[in-house]
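Beneath this line is the structure, given in structure tokens, with notes to follow.
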Amino acid sequence: MRRTILTLIGVAVAGFAMAQSPEEKGLEIAKAADKYDEGFGSSSTKLTMILTNKQGQESTRYMSNQTLELTTDGDKSLIVFNSPRDVKGTATLTYTHKEGSDDQWLYLPAVKRVKRISSDNKSGPFMGSEFAYEDLSSQEVEKYTYKFIKEEAINGVDTYVIERDPVDPKSGYARQLVWYNKENYRLEKMEFYDRKNALLKTLEYSNYNVYKEKHWRAGEMNMVNHQTGKKTKLIFEDYDFGLDLTADDFSQNSLRRASR
Amino acid sequence: MKDQMQNLKERSRQFGQVWGEKVVKYKWPVLIGTLLLAMAFGSGGQMGFNSDYHVFFSEDNPQLLAYDGLQNKYTKDDNVLIVISPKDGDVFTRETLTAVEELTANSWQTPHSSRVDAITNFQYTRAVDDDLYVDDLIADAASKSDEELAELREIATTDPRLVKRLVNEDASVTAVNVTVRLPTQDNGESAEVAAYVREMVANLEAKYPNLETRLSGMVMMNSAFFEAANGDFMTLTPLMFLIVIITIFLTTRTLSGTFSTLLVIVLSIMTAMGFGAYMGIGLTPPSGAFINIILTLAVADSIHVLITVIQQMKKGMGKREAIIESLRLNFMPVFITSITTVIGFLSMNFSDSPPFRDLGNLTSVGMMAAFLYSTLTLPALLAILPVKVKARVPKEGKSPFLERLAEFVISRKRPVIIATSLFILISSVLVFKNELNDEFIKYFSKSVPFRADTDYISDNLTGIYTVEFSVGASEEGGINDPAYLNKLKEFEDWLYSKEEVVHVNAFTEVMEQVNKSMHGDDLSYYRMPDNREEAAQYLLLYEMSLPFGLDLNNQVNVDKSETRVIVTIENIPTQSMLAFSEEASNWLNENAPEYMQAEGVSSTMMFAHLSERQIMSMIRGTAIALLLISLVLGFAIRSGKFGLISLIPNITPVIAGLGMWALLYGYVNTGISIVFGMTLGIIVDDTVHFLSKYLRARRELGKSPEDAVRYAFSTVGQALLVTSFVLVAGFLVLAQSNFGLNSDMAKITVIIIAFALILDFLMLPALLMLSPTKRAQDVKEKKSQVQQKLQPAPAV
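Respectively, the protein sequence lines represent chains A and B.
One rule links them: number in the numbering used here = place in the first sequence (from 1) + 1267.
One rule links them: number in the numbering used here = place in the second sequence (from 1) + 16.
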């Protein structure tokens, strides 16, 4: 009798553990993905951004990006704009935070000053593109709440589909759908839903390369805005994971240096 | 060959009679057959409403293309403007501002919305040391102190980007502007947006009883178009039916006759509707008028057939014979008047505005159907149904009034000619006093909420009409060039110097504000940055600080090579708008580099150009209709000379009508410009009937011109009075439409029809009597032909 009860309890507990809620499963996958990419240290890359309007007219901008991995807080990143000509040398430094709004500085070579952007608004278009700043900044786990939706095979890859809702009330999105590759947790696709929960944009990742054996980086990101018909393509080239950048490379002084 | 012709004429003479005999013989198959035909059309489905204001413009309309081009560079801006007026007259209270905040947040939930602008979420820029703050101007209004509220009021009522746009100068009225992105083909999206906004606003008023709200903007206009078309259908059509039923019953005094006529009308409308559904024609306020117009015009066909039947029966003829006789007498005249009416309506195909083409085609189909049904269904039904005719002394086809009128014209031919000619002459001078005007707000009568709300907005907050200029820079990124920016500022200053300008929304203000903030909010830096790089980098910084949906895409193109200047102007006639737009373009021409030159475009400009384009195309259409109708007429009366004479009473009513219109209203819009071809087709009927009687008397009965005039008056005078009465009544009902294009079109049609009757009774007989008499032999020669061609129309 006692055995039976114990068995029953055991089964119940196991069952409870098995019957993980979609929220828990979603969070688990997001954490696993974060964990999987842990330990890349720092990286740099060249970026080409191609904007296409509804009529197919293109406009191209170039920039470079450096990222420093932090485990205690969000990553730090430095972007230097190389074109258009008028903004050449302009650089942004961002400290993402796991909680609260990020810190952001901009160096303006025309006036040789560093300006702090004290705005909570990170949902505006980045450089006139279809990417919002929040789409490009470090995707810290804490910035969203998660919900597992389903498993799905897309483009011949098995994926987990997770819905995530931004914690920041100033976010431009009601929710996002994220397709994680089951094998290596790299992102295959994302859908962005606007505040009225209508599909706004779709982002597709392609030309993946693996660096330092496990860090997958997309060579191309294609964002399509369904509401405006505009598109933006981001091309990442010359990834370098061997620079061993330090916090010194991500200070306000480094902003001025990077500009040159 | 000659024999063949003779044979043909012989046969056509018999045609009406044979037609009548067959119809009476095969009354059941004819009735069922025509019913099936109408039902086949009717099964085409429902005609859908198309209420996007874009339907007024053809796909290749240059102003539409220009505006689409501009909207493609920036953003497509259909909007709802929600205007809030606190009853205490102060927007800057904790309660009202909290309400505005709430409304703004809720507005983001509007279907298809892409942007929401309000005084609360206005992106206010300020500097503290080297920190740049870009944030909502008003957040958490409930917690603001009185001092803070006063400060906010000061900022909002002085910022050129807000005042006279989202808040008025005395801060008693504010607005939330919701920009929506509607698909090119409106499938009810406008209505969806309007419904959402209306509910949202009703909830707001319920929660904040101190607030009054009003709605305007392009989306609300679209939905007002829809409601106007629907309203005409719901209220005017039943009224028109009632008038028609009463008129037929009073003139014929037979129930089965009234019923049969009604059936002919219903079948005609059903056929036209089915045609519309098959062709995928969307119902718009103008094209929707086809129902009432068919209703009005189809009566005439039936009434001619019906009245003769009754007259003949009163004379003692059997029903069957009376029906055959009626068709023998009426088939040709009804056929010819139907053809001329159809030609008149088909001339609307020259219109530049698709809804009017649709109106023309739908009515044409309806009129062809009306001809068919009134010569098939009507006689078949009369043959089946019992028709009781009271044994009264048949009314003579003349009245003392008409008799006196005839004598009057006969005794005073010359004075009548001189007086009517003088009248026409004066009218033709007055015609040019009409100004083209298509202020689209005025398309709606003041009882339409959209019109009332919009008028309130133009009186209390801002203007409704806009002209937009896309001002180019020399190259990519060129908008950051101080030379460009300063020139743009000059343009803005010039615009503000014009008294019709209410507000100018230009990129310069963003630059000035950002430059000021980048220099520690030093007011002396409220100007353009010193060099291009500085400007570009400030702009980059500013853009990175903007929230979702409040970017600069609506003002600056992606390349940063062009910016958009939106000028809001007062309610002025469209001709003045066009003049203003041209003056502004000229200013750029003379004062700015070539790459900065721009033409004014906008929905306002599209409508402003519409009547002009419409008039030009309708002149062509009317000329062709006139030519065709004259040919039909000349063919029908078999005389070039009388054909020419008949042109005079057909053209002059339009001139007289326009002259009268100049005195009454003084403007011509898109709706009015289409009536000329249309009325021509209608009024020509009067002339056909009068002239055919006159010629019959001259040629067949050998009467003198004077006696022939007496004969014409006595035979068709009253019929013309009755049909004109029905037409006038029908168009008077349509004139009650809340949609100005329809009511104006109907009003001027009433005037023209009335003048047509007057001129047919005065000028035409005088002209006929004064024209040189033909040689007797000539008359004799024509005699036989006339008889075949034109059977007399019945007298009432």
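The C-beta atom is built at its ideal place from N, Cα and C for all residues, glycine as well.
Cβ distance (whole Å) where residue i is taken to contact residue j below 8 Å
i                  : j                  : result
Asp1301 of chain A : Val1378 of chain A : 39 Å between Cβ atoms; not a contact.
Lys1500 of chain A : Asn1489 of chain A : 5 Å
Thr141 of chain B  : Val530 of chain B  : 6 Å
Gly756 of chain B  : Lys462 of chain B  : With 8 Å as the limit, Gly756 of chain B and Lys462 of chain B do not qualify as a contact, their Cβ atoms being about 10 Å apart.
Thr1315 of chain A : Ile1502 of chain A : 4 Å
Val1491 of chain A : Thr1469 of chain A : 5 Å
Glu506 of chain B  : Val581 of chain B  : Wrong, their Cβ atoms sit about 12 Å apart, outside the cutoff.
Ile135 of chain B  : Leu198 of chain B  : With a Cβ gap of about 25 Å, Ile135 of chain B and Leu198 of chain B do not count as contacting.
Beta-carbon contacts of residue i that lie in its chain and below 8 Å, excluding the five residues immediately before and after
i                  : result
Leu562 of chain B  : Gln139, Val150 and Leu568
Phe1212 of chain A : The question about residue 1212 of chain A has no answer here: the residues shown for chain A are numbered 1268 through 1527.
Tyr1303 of chain A : Asn1451, Tyr1452 and Lys1481
Thr253 of chain B  : Ile307, Asn308 and Leu311
Ser354 of chain B  : Asp317, Met383, Met384, Ala386 and Phe387
Asp1511 of chain A : Gly1308 and Ser1309
Lys1449 of chain A : Glu1418, Val1424, Asp1425, Thr1426 and Tyr1427
Val744 of chain B  : Val766, Ile769 and Ala770
The alpha helix (DSSP H) enclosing residue i, as first and last residue numbers
i                 : result
Arg131 of chain B : Here Arg131 of chain B belongs to no alpha helix (DSSP H); instead the beta strand (DSSP E) covers Ser129 to Asp133.
His625 of chain B : Ser619 to Ile653
Asn246 of chain B : Met234 to Gly247
Gln591 of chain B : Thr590 to Asn607
Met384 of chain B : Pro370 to Thr391
Ile323 of chain B : Phe306 to Lys330
Delimiting residues of the beta strand (DSSP E) encompassing residue i
i                  : result
Thr1327 of chain A : Glu1325 to Leu1335
Ile774 of chain B  : Looking at the DSSP string, Ile774 of chain B is not in any beta strand (DSSP E); the run it does join, the alpha helix (DSSP H), is Gly756 to Leu786.
Phe1348 of chain A : Lys1343 to Phe1348
Ser1473 of chain A : Leu1466 to Ser1473
Ser461 of chain B  : Neither: Ser461 of chain B is in no beta strand (DSSP E) and is coded neither H nor E.
Arg1539 of chain A : Residue numbering for chain A in the displayed model covers 1268 to 1527; residue 1539 of chain A lies beyond these limits and cannot be assessed.
Arg142 of chain B  : Gln139 to Val144
Asp1507 of chain A : Lys1498 to Asp1507
Asp94 of chain B   : Asp94 to Pro102
Tyr149 of chain B  : Asp147 to Asp152
Thr1426 of chain A : Val1424 to Pro1433
Trp1446 of chain A : Tyr1440 to Asn1448
Cβ neighbours of residue i in the same chain (closer than 7 Å, five flanking residues each side left out)
i                 : result
Glu170 of chain B : none
Met234 of chain B : Tyr69, Asp94, Asn95 and Ser619
Ile688 of chain B : Asp760, Met761 and Ile764
Gly304 of chain B : Ala245, Asp248 and Phe249
Pro810 of chain B : Low confidence applies here, because Pro810 of chain B scores a pLDDT of 44, under 50, leaving its location unreliable; read the following figure in that light. Counting only Cβ-Cβ distances below 7 Å, and skipping sequence neighbours, we find His320, Ile323, Thr324, Gln327, Leu345, Asn346 and Ala735.
Asp546 of chain B : Pro498
Close-in-space but distant-in-sequence residues of the same chain around residue i (CB under 6 Å, 5 per side omitted)
i                  : result
Thr584 of chain B  : Thr478, Gly479, Thr482, Val518 and His519
Thr1557 of chain A : Lying outside 1268 to 1527, the shown extent of chain A, residue 1557 of chain A is not represented and no answer is given.
Arg181 of chain B  : Thr478 and His519
Ser1518 of chain A : none
Ser390 of chain B  : Val280, Asp317, Ser318 and Val321
Lys790 of chain B  : Only weak support is given to the placement of Lys790 of chain B: the predicted model assigns it a pLDDT of 49, under 50, and the question is left unresolved by the model.
Thr1327 of chain A : Ile1317
Whole runs of the alpha helix (DSSP H) within the segment 668-752 of chain B, excluding any shorter than 4 residues: Within the segment 668-752 of chain B, the complete alpha helix (DSSP H) runs of at least 4 residues are 686-689, 691-715 and 721-750.
Alpha helix (DSSP H) runs wholly inside the segment 1283-1315 of chain A, at least 4 long, in chain order: 1289-1303
Cβ contact check for the segment 755-769 of chain B and the segment 675-692 of chain B: 3 or more pairs under 8 Å: yes
Contact the segment 615-635 of chain B vs the segment 342-349 of chain B: 3+ CB pairs below 8 Å: no
Three or more C-beta pairs below 8 Å linking the segment 726-736 of chain B and the segment 208-223 of chain B: no
Touch test, the segment 702-710 of chain B against the segment 729-748 of chain B, Cβ-Cβ under 8 Å, three pairs minimum: yes
The segment 359-370 of chain B touching the segment 623-637 of chain B, judged by at least three CB pairs closer than 8 Å: yes
At least three beta-carbon pairs within less than 8 Å, the segment 587-606 of chain B to the segment 88-107 of chain B: Below 8 Å, too few C-beta pairs join the segment 587-606 of chain B and the segment 88-107 of chain B to call them touching: fewer than three.
Segment contact flag, the segment 547-554 of chain B with the segment 1348-1367 of chain A, C-beta cutoff 8 Å, min 3 pairs: yes
Any 3 or more C-beta pairs closer than 8 Å across the segment 59-67 of chain B and the segment 284-296 of chain B: yes
The segment 64-78 of chain B / the segment 151-158 of chain B touching (three or more Cβ pairs under 8 Å): No contact exists between the segment 64-78 of chain B and the segment 151-158 of chain B.
Within the segment 337-369 of chain B, ranges of the alpha helix (DSSP H) (whole runs, at least 4 residues): Residue ranges of uninterrupted alpha helix (DSSP H) with 4 or more members are absent from the segment 337-369 of chain B; none lies entirely inside it.
Segments of 4+ residues assigned as alpha helix (DSSP H) that fall wholly inside the segment 529-561 of chain B: 548-560
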